[in-house]
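>
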Amino acid sequence: MWVRSLRLSSRSLTRRRIWFSRKYTNAEHKTYFQNPPQPPAKPPSRILRSILLGTTCLGLGAYAHSWIYDLPFLDLGAEVVDELQAGIDAESLQDVMSFAVQAAAAIHSPAMDLHRAQEILETRSGYSVTSQTVAHTCQLASNIPCEDTMSSGSYTFFNDPSKDWCEWAIFDGHAGPQTSGLLKKMLPGKVGEELAKTQCLDRPYSPNDSHVINTIKKAFLSFDREIIDSAREHVEFYKGGRAQTISATAAAHAGSCALLALFDPVRSILRVANTGDSRAVLGRWDEESKRYVVEAMSTDQTGFNPKEVARLKEEHPDEQPVDTRTGRVFGIAVSRAFGDARWKWPNEVTRRAHELFCGPAPKPNEMIKTPPYLTAEPEVTETKIQCGAHPDFLIMASDGLWDRLSSEDAVACVQLWLEKNRPTDFLEKLNDNSVTGLSEKLHSEMPTFSSVSDLSGEDDDCYYDPEEGCLRWNVSPKHFINEDENCGIHLVKNALGGKRRDLFTGLMSVQPPLSRYVRDDISVHVIFFGVDTQDHV
Numbered sequence: 292m293w294v295r296s297l298r299l300s301s302r303s304l305t306r307r308r309i310w311f312s313r314k315y316t317n318a319e320h321k322t323y324f325q326n327p328p329q330p331p332a333k334p335p336s337r338i339l340r341s342i343l344l345g346t347t348c349l350g351l352g353a354y355a356h357s358w359i360y361d362l363p364f365l366d367l368g369a370e371v372v373d374e375l376q377a378g379i380d381a382e383s384l385q386d387v388m389s390f391a392v393q394a395a396a397a398i399h400s401p402a403m404d405l406h407r408a409q410e411i412l413e414t415r416s417g418y419s420v421t422s423q424t425v426a427h428t429c430q431l432a433s434n435i436p437c438e439d440t441m442s443s444g445s446y447t448f449f450n451d452p453s454k455d456w457c458e459w460a461i462f463d464g465h466a467g468p469q470t471s472g473l474l475k476k477m478l479p480g481k482v483g484e485e486l487a488k489t490q491c492l493d494r495p496y497s498p499n500d501s502h503v504i505n506t507i508k509k510a511f512l513s514f515d516r517e518i519i520d521s522a523r524e525h526v527e528f529y530k531g532g533r534a535q536t537i538s539a540t541a542a543a544h545a546g547s548c549a550l551l552a553l554f555d556p557v558r559s560i561l562r563v564a565n566t567g568d569s570r571a572v573l574g575r576w577d578e579e580s581k582r583y584v585v586e587a588m589s590t591d592q593t594g595f596n597p598k599e600v601a602r603l604k605e606e607h608p609d610e611q612p613v614d615t616r617t618g619r620v621f622g623i624a625v626s627r628a629f630g631d632a633r634w635k636w637p638n639e640v641t642r643r644a645h646e647l648f649c650g651p652a653p654k655p656n657e658m659i660k661t662p663p664y665l666t667a668e669p670e671v672t673e674t675k676i677q678c679g680a681h682p683d684f685l686i687m688a689s690d691g692l693w694d695r696l697s698s699e700d701a702v703a704c705v706q707l708w709l710e711k712n713r714p715t716d717f718l719e720k721l722n723d724n725s726v727t728g729l730s731e732k733l734h735s736e737m738p739t740f741s742s743v744s745d746l747s748g749e750d751d752d753c754y755y756d757p758e759e760g761c762l763r764w765n766v767s768p769k770h771f772i773n774e775d776e777n778c779g780i781h782l783v784k785n786a787l788g789g790k791r792r793d794l795f796t797g798l799m800s801v802q803p804p805l806s807r808y809v810r811d812d813i814s815v816h817v818i819f820f821g822v823d824t825q826d827h828v
């Protein structure tokens with residue numbers, strides 16, 4: 292997205308980390324609210340640049356593939372090479388390289404030791420920095436490609452980092468990555484444009500201001516309508532031919548949850564908008580108990596939520612769309628989502644899309660009678676952030692984390708991390724503005740792993756779930772380990788076994804498609820408030 296914030300990625304594909312930053316590579320700051328820059332003069336030739344970039348990308352990917360997995364050196368596959376297009380930006384380049392590593396692991400299924408498992412987490416971790424916040428992020432894919440996407444940035448309405456609103460988002464896709472990918476590119480910007488257009492960004496504050504809340508809801512709903520209505524037009528009127536119609540309907544057939552956090556640094560107001568079953572929880576210091584406690588910033592929107600069941604019953608009084616045993620709405624696990632046209636279109640439109648344009652089949656037995664059954668309208672929650680000696684922090688994650696970790700244990704896990712680390716420790720390694728300097732200074736050694744014999748004194752707390760038909764494991768603070776500099780990695784690792792090394796490396800060794808039975812895609816932001824980063828933004 293068009294952002295001003297400093298985005299530092301610690302995705303590591305070789306032994307030396309490469310960190311990309313708009314500020315430190317002298318790239319122009321981009322923003323929603325300024326005129327776009329003039330196009331650069333056309334270079335005399337792009338042939339040499341294309342050859343050099345393609346060769347470099349192939350070499351890096353092959354080296355990473357070989358080094359991490361001890362596999363044949365040149366075995367990336369043509370499908371990866373095809374992704375390496377001239378002019379690709381740094382973040383996209385890293386995504387392509389990470390996909391190459393993930394694809395290689397899926398093909399060869401190497402047995403992960405601790406160092407290899409750590410490298411996988413490192414390749415999809417990073418940081419984002421604003422003048423008053425630091426976010427630690429991590430993503431672990433279970434699907435190929437990963438159906439989750441993430442974003443972070445700032446709305447440069449004031450052109451002042453101390454006043455500009457910040458955003459962080461997680462988009463948990465399902466039935467493909469098309470919807471979540473589109474949301475990452477478009478939704479934060481759509482919300483920012485609506486907030487600016489309706490004077491919400493500099494509006495005098497009042498608690499739970501309906502004007503601001505309704506503006507956020509409008510942006511969510513209008514963008515979902517664009518996705519659904521545009522696809523329907525292509526299906527009904529055969530706009531542009533079969534190939535164009537299939538492409539234009541992809542984001543409508545897939546679906547995605549959306550979790551968006553907005554922070555107003557002037558008023559210290561945090562707002563969280565949630566559509567679906569991703570979750571945001573605030574860690575807030577309780578002086579009486581001397582620990583961080585949970586303040587929920589979202590509710591899971593599924594058929595297990597009584598309010599959602601009541602809403603659907605009111606909207607469809609003569610039907611029973613929710614299966615109370617599974618919590619599913621006519622087969623889908625969430626009650627609110629973007630896309631998912633089968634739950635929003637009339638049956639005849641879905642049938643036409645299926646029969647003519649290779650879309651998913653209609654739900655059986657004329658199940659869909661009075662659509663839509665899903666909505667993209669978010670629930671919006673707000674709170675005033677508290678700083679001081681023990682400032683608040685926010686955990687945002689897709690349901691892949693919450694399937695394994697309770698809100699209370701997640702907050703306790705971050706508190707454990709804070710006992711050993713500061714959120715800004717990685718910034719102290721920034722001693723110069725050169726890319727080479729960053730690569731050298733930000734390189735950190737692997738964590739000092741405790742030996743298995745030191746950690747295996749208790750039961751691994753695993754069991755077979757006959758209903759789900761797969762291995763399950765319990766997670767509690769007794770299993771936590773604190774050895775990572777990045778708090779996002781810290782959360783993911785502890786959700787997948789923590790100090791139970793055999794369990795952790797085993798779960799990391801399971802590759803698609805079997806991995807989907809034991810863990811979902813996991814995406815995490817941990818946002819720390821009340822930090823001073825003025826010298827780095």
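With my numbering as the guide, the letters of the sequence shown map in order to residues 292 to 828.
By construction, the Cβ of each residue, glycine as well, lies at the ideal position given by its N, Cα and C atoms.
(1) With distances taken between CB atoms, is the gap from Val-600 to Val-585 smaller than 7 angstroms?
(2) Ignore the nearest five residues each way along the sequence and tell me which others in Lys-711's own chain have a CB closer than 6 angstroms to its CB.
(3) For Asn-712, list the residues DSSP reports as bridge partners.
(4) Return the first residue and the last residue of the beta strand (DSSP E) that Ala-571 is part of.
(5) Is the region 405 to 416 close to the region 692 to 702, with three or more CB pairs under 8 angstroms?
(6) Between the Cα of Val-482 and those of Glu-524, Leu-553, Pro-436, Asp-493, spot the shortest distance and give me the residue it belongs to.
(7) Taking its Cβ as the centre, do 16 or more other Cβ atoms sit within 10 Å of Pro-452, making it buried, or is it exposed?
(8) Whole angstroms are fine: how far does the CA of Glu-484 sit from the CA of Cys-704?
(9) Under the rule that 16 or more other beta-carbon atoms within 10 Å means buried, what is Ser-416, buried or exposed?
(10) Between Gly-531, Asp-515, Phe-514, Gln-490, which lies nearest to Val-503 when the distance is taken from Cα to Cα?
(11) Could you give the distance in angstroms between the alpha-carbon of Phe-717 and the alpha-carbon of Thr-590?
(12) Measure the alpha-carbon distance for His-427 versus Trp-764 and round it to whole angstroms.
(13) Return helix, strand or coil for Leu-304, following the three-state DSSP convention.
(14) I need the straight-line Cα distance from Ser-725 to Ser-814, nearest angstrom please.
(15) So, for Phe-241: in the same chain, excluding its five sequence neighbours on each side, which residues have a beta-carbon less than 7 angstroms away from its beta-carbon?
(16) To which residues of the same chain is Arg-633 closer than 8 angstroms at the C-beta, ignoring the five residues directly before and after it?
(17) Just verifying my parser: in three-state terms, what is the DSSP assignment at Ser-442?
(18) Suppose you measure from the CA of Glu-719 to the CA of Thr-824; what does that come to, to the nearest Å?
(19) Within its chain, find whatever has a CB closer than 7 angstroms to the CB of Gln-469; leave out the 5 residues flanking it on each side and keep chain order.
(20) Would you check if the distance between the CB atom of Leu-685 and the CB atom of Ile-818 is smaller than 7 angstroms?
(21) Considering Cα atoms alone, identify which of Ala-539, Phe-511, Ala-510 is closest to Glu-524.
(22) Quick one: complete beta strand (DSSP E) runs, 3+ long, within the region 516 to 576?
(23) Going straight from the alpha carbon of Ser-521 to that of Phe-771, what length do you get?
(24) Can you pull the DSSP bridge partners for Arg-791?
(25) In this structure, does DSSP put Asp-694 in helix, strand or coil?
(26) Is the beta carbon of Gly-630 sitting closer than 7 angstroms to the one on Ile-507?
(27) The alpha helix (DSSP H) that contains Ile-676, what's its start and end?
(28) Give the single residue among Thr-440, Asp-500, Phe-648, Cys-457 whose Cα lies nearest to the Cα of Glu-673.
(29) If Ser-767 sits next to Asp-700, beta carbons under 8 angstroms apart, how far is it from one beta carbon to the other, in whole angstroms?
(30) Classify Gln-423 as helix, strand or coil using the three-state DSSP reduction.
(31) Return the first residue and the last residue of the alpha helix (DSSP H) that Arg-602 is part of.
(32) Going by the CB atoms, is the gap between Ser-806 and Ala-402 shorter than 7 angstroms?
(33) My assumption, with CB atoms under 8 angstroms, is that Thr-440 sits in contact with Lys-475. Please give the rounded CB distance.
(34) For the alpha helix (DSSP H) that contains Ala-644, what are its first and last residues?
(35) Could you tell me the boundaries of the beta strand (DSSP E) in which Met-687 lies?
(36) Say whether the region 601 to 610 touches the region 442 to 452, bearing in mind that this needs 3 or more beta-carbon pairs closer than 8 angstroms, one atom from each stretch.
Taking the definition as stated:
(1) Note that the C-beta distance between Val-600 and Val-585 is not below 7 angstroms.
(2) A distance below 6 angstroms between beta-carbons, with the five flanking residues on each side excluded, links Lys-711 to the following residues of its chain, in chain order: Asn-773.
(3) Answer by DSSP bridge pairing: none, since Asn-712 is not bridged.
(4) Start and end: 570 to 577.
(5) When C-beta atoms of the region 405 to 416 are compared with those of the region 692 to 702, fewer than three pairs fall below 8 angstroms, so the two segments do not count as touching.
(6) Taking only the C-alpha atoms, the option nearest Val-482 is Leu-553.
(7) Burial is judged here by how many other beta carbons sit within 10 angstroms of a residue's own beta carbon; Pro-452 has at least 16 and is buried.
(8) Distance between the alpha carbons of Cys-704 and Glu-484: 36 angstroms.
(9) So Ser-416 ends up on the buried side.
(10) Closest by alpha carbon: Gln-490.
(11) C-alpha of Phe-717 to C-alpha of Thr-590: approximately 33 angstroms in a straight line.
(12) If I take the Cα positions, the gap works out to 26 angstroms.
(13) Caution is warranted here: a pLDDT of 30 is assigned to Leu-304, below 50, making its placement in the model unreliable, and the coordinate value is therefore given only provisionally. Looking at Leu-304 - three-state DSSP - the assignment turns out to be coil, as it is neither helix nor strand.
(14) With a pLDDT of 44 at Ser-725, under the threshold of 50, the modelled position of that residue is not reliable, and the figure given next carries that caveat. Their backbone Cα atoms lie some 30 angstroms apart in a straight line.
(15) Given a span of 292 to 828 for the chain in the structure shown, any question on residue 241 remains unanswerable.
(16) The answer, listed in chain order, is His-544, Thr-641, Pro-651, Pro-653, Lys-654, Ile-659.
(17) Strand at Ser-442.
(18) Computed Cα separation, rounded: 10 angstroms.
(19) Cβ within range, chain order: Ala-541, Ala-542, Ala-545.
(20) By the CB criterion at 7 angstroms, Leu-685 and Ile-818 fall inside the cutoff.
(21) Measuring C-alpha to C-alpha distances from Glu-524 to each of Ala-539, Phe-511, Ala-510 identifies Ala-539 as the nearest.
(22) Taken in chain order, the complete beta strand (DSSP E) segments of 3 residues or longer contained in the region 516 to 576 are 549 to 555, 560 to 566.
(23) Take the alpha-carbon of Ser-521 and the one of Phe-771: they are about 47 angstroms apart.
(24) None; Arg-791 has no bridge partner.
(25) Shown here, Asp-694 sits in coil according to DSSP, grouped into three states, outside any helix or strand.
(26) Between Gly-630 and Ile-507, the C-beta gap is not smaller than 7 angstroms, which leaves the two residues out of contact.
(27) Looking at the DSSP string, Ile-676 is not in any alpha helix (DSSP H), and its letter there is neither H nor E.
(28) Measuring from the Cα of Glu-673, the nearest candidate turns out to be Asp-500.
(29) With a Cβ gap of about 6 angstroms, Ser-767 and Asp-700 count as contacting.
(30) Gln-423: coil per DSSP, three-state reduction.
(31) For Arg-602, the enclosing alpha helix (DSSP H) begins and ends at 597 to 606.
(32) Taking 7 angstroms as the Cβ cut-off, Ala-402 and Ser-806 do not qualify as a contacting pair.
(33) Your pair Thr-440 and Lys-475 checks out as a contact, with CB atoms roughly 4 angstroms apart and the cut at 8 angstroms.
(34) Ala-644 -> alpha helix (DSSP H) spans 638 to 648.
(35) Residues 684 to 688.
(36) Contact check between the region 601 to 610 and the region 442 to 452: fewer than three CB pairs, one atom from each, fall below 8 angstroms, which does not count as touching.
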